[in-house]
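Q: Residue numbers (this note's numbering): 2 to 445.
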Amino acid sequence: AQTIVASFFLVILTGGLLLMMPFTTPDREGLGFLDALFTATSAVCVTGLVVVDTARDLSVPGQVVILTLIQIGGLGIMVFSFFGIFSLGRRVSFQDRLIVSYMLAEDDLRGLARSLRRIVLYTLAIEGLGAAAFYARFTALDGHGFPSAFRAVFHAVSAFCNAGFALFSDSLESFRSDPWIVLTAAALIILGGISFGVLRDGLRAAGGAITALFGRKPSAFPSPSQNTRAVVWITLVLLVSGLGGFYLLEHEGVMASYGLGEQYLAAFFQSVTLRTAGFNTVPFSALRSSTLLFMIVFMFIGGASGSTAGGIKVNSLAAIGAYFASFFRREESPRLGPWAVSPEKVGRSLLVLVFGLSAVFLGVFSLTISEDGDFLPLLFETVSAFGTVGLSTGLTPGLSSAGKLVIMALMFLGRLGPLTILSAARGTGKRTDVRFPEGDLAVG
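(1) Checking 8 angstroms against the spacing of the C-beta atoms, do L239 and F328 come in under that value?
(2) Write down the C-beta distance between A44 and G74 rounded to the nearest angstrom, noting that I regard them as a contact closer than 8 angstroms.
(3) Apart from the five residues on each side of it in sequence, which residues of its chain come closer than 7 angstroms, Cβ to Cβ, to S139?
(4) CA-CA distance, A164 and G418?
(5) Taking only three categories from DSSP, how would you classify R29?
(6) Sort out for me which residues DSSP pairs L337 with in a bridge.
(7) Using 10 angstroms around the beta-carbon of L122, count the other beta-carbons present and answer buried if the total reaches 16, otherwise exposed.
(8) Is it true that the stretch 180-196 meets the stretch 270-282, where meeting means three or more beta-carbon pairs spaced less than 8 angstroms apart?
(9) For F39 versus I120, is the C-beta distance shorter than 8 angstroms?
(10) Tell me, to the nearest whole angstrom, how far the beta carbon of L173 is from that of I182; I am working on the premise that it is less than 8 angstroms.
(11) Measure the CB-CB distance between L250 and S291 and report whether it falls below 8 angstroms.
(12) Tell me the residue span of the alpha helix (DSSP H) that contains V66.
(13) Within the continuous alpha helix (DSSP H) that includes M300, where are the two ends?
(14) On the DSSP letters alone, give me the boundaries of the alpha helix (DSSP H) that F325 sits inside.
(15) Given a threshold of 16 other Cβ atoms within 10 Å of its Cβ, counted over all protein chains shown, does I370 qualify as buried or as exposed?
(16) So, for T26: in the same chain, excluding its five sequence neighbours on each side, which residues have a beta-carbon less than 8 angstroms away from its beta-carbon?
(17) Exposed or buried, what is V355 when buried is set at 16 or more other beta-carbons lying within 10 Å of its beta-carbon?
(18) Taking only three categories from DSSP, how would you classify A167?
(19) At what residues does the alpha helix (DSSP H) containing A187 begin and finish?
(20) Report the three-state DSSP secondary structure of D441 (helix, strand or coil).
(21) Thinking C-beta only, is V233 closer than 8 angstroms to G311?
(22) Leaving out five residues on either side along the sequence, give the residues of the same chain with a beta carbon under 6 angstroms from the beta carbon of L396.
(23) Is A320 near the ligand ADP, judged by its Cβ being under 7 angstroms from some heavy atom?
(24) Tell me whether F437 is buried or exposed, calling it buried when 16 or more other Cβ atoms sit within 10 Å of its Cβ.
(25) Using 10 angstroms around the beta-carbon of G445, count the other beta-carbons present and answer buried if the total reaches 16, otherwise exposed.
(26) Rounded to whole angstroms, what's the CA-CA distance from S334 to R118? Just pull it up for me.
(27) Is A305 helix, strand or coil by DSSP?
(28) DSSP on L176, reduced to helix/strand/coil?
(29) Would you kindly work out how many angstroms separate the C-alpha atoms of L411 and R205, rounded to a whole number?
(30) Buried or exposed, going by whether 16 or more other CB atoms sit within 10 Å of the CB of F34?
(31) The alpha helix (DSSP H) that contains V158, what's its start and end?
(32) Relative to the C-alpha of F10, which candidate in M409, L420 and A443 has its C-alpha closest?
(33) Tell whether a beta-carbon distance below 8 angstroms holds between A160 and I195.
(34) Quick one: what's got a C-beta closer than 8 angstroms to A231's C-beta in the same chain, skipping five residues either side?
(35) So for M412, helix, strand or coil by DSSP?
(36) Exposed or buried, S272, counting other C-beta atoms within 10 Å across all chains shown (16 or more means buried)?
Spelled out as structure tokens, the structure:
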């Protein structure tokens, strides 16, 4: 865990130094130290909060630096490192395998090299298809050439990695009525946010379906894992409830001038992006307070463990929900469907929840001291940073130096995750197996 933390620090620092170079800005002056470090942190932590306009204030080489940092941060620094080691056939220690498996939520250490190759292959394939879809539309709007190709690749990587960086000053607001752009971005965001394990199970299920339809003999559909079922169902529930909630709250608000089809498209896209991606097709500075509060809940939850998404993760929500359900059902152990959820998983999920709430509290408390602004936008900014979402009501560029440092710390904590941070802080001391007698503590 300490290796992971150190690697992220090193890449962020390297990215910040690169963004200070003259070639990264049109005026040939480079970004200032704090703005460069903030931008690099946002890119590596795949957040999307910006203090400079990526489209206007960065040159093409500067945008390439951002693109590279997003890809490294989205896949994970350790994934890149160990993919190279495995590809070269070099041996990797058991401890290093544990580190990578921990980042990817992968239990099978023996098949780790194969899993890493699959992850890189899935990523390149999905981003390639997304870039092709974007390119087809951008060329129809702006013609063939490097600008359209670069924008297509940039937005495909940014969407799949749930980064939210855009090469348009208004994010994707100009495309709010363009289903091709909006739905392509939404598909990439969803695929990037459900985890590579769920993608693998989905491909297996698709392969089983094809074999059953066209094979010579019947083929049994592979049964999805408990994790895949939980991620898919909760993701669907959050998407539908997010769409319905945003539409009900804003169809007479910020979307009042939109046509009915535009309203549904905008509500769907905001439902997709608000949990971790950071793109927007409506001006968030014009949203109602009730809508911002509604969105904060979704931003805090985030995506799936082992994905490019942030937040406390839908997996943690599933484990905590199973625990509460078992309490009301008077069952001894929590379960999801026919499978039990181990007490260790429930405990870790509650730890993640408490850590997340504590980080948000400390973050918003710090911002109320350093910034002059209303509480709700500050809370929205805080949760957006911790959840590595990247949505903002317009507060980010005007943050003080102290405020920028607070947001950077929240993005860093949110990307690495509570368990990685706590494991790094715990160190590598020997674990004790001493069992103590139970006491009688009054609870409630």
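For each residue, glycine too, the CB sits at the ideal point set by N, CA and C.
Owing to the predicted nature of the structure, the values given are computational and were not obtained by experimental measurement.
A: On the basis of the supplied data:
(1) Taking 8 angstroms as the Cβ cut-off, L239 and F328 do not qualify as a contacting pair.
(2) That pair is a contact at about 6 angstroms.
(3) Residue 139 is actually Phe in this sequence, not Ser. Correct list, in chain order: S149, R152 and A153.
(4) The straight-line gap from Cα to Cα measures roughly 16 angstroms.
(5) coil
(6) Paired residue(s): W340.
(7) exposed
(8) Judged by Cβ distances under 8 angstroms, the stretch 180-196 makes contact with the stretch 270-282, as three or more pairs qualify.
(9) no
(10) 7 angstroms
(11) yes
(12) V61 to L76
(13) S290 to I302
(14) V315 to R330
(15) exposed
(16) Same-chain partners within the cutoff: L32, D58, L59, S60 and G63.
(17) exposed
(18) coil
(19) P180 to G194
(20) coil
(21) no
(22) P378 and E382
(23) This structure simply doesn't include the ligand ADP, nor any ligand for that matter.
(24) exposed
(25) Flag for G445 reads exposed.
(26) 37 angstroms
(27) coil
(28) Residue 176 is actually Phe in this sequence, not Leu. Looking at F176 - three-state DSSP - the assignment turns out to be helix.
(29) 36 angstroms
(30) exposed
(31) DSSP places V158 inside the alpha helix (DSSP H), whose first and last residues are F147 to F161.
(32) M409
(33) no
(34) Closer than 8 angstroms at the Cβ level, and outside the excluded window around A231, lie V315, N316, A319 and L337.
(35) helix
(36) buried
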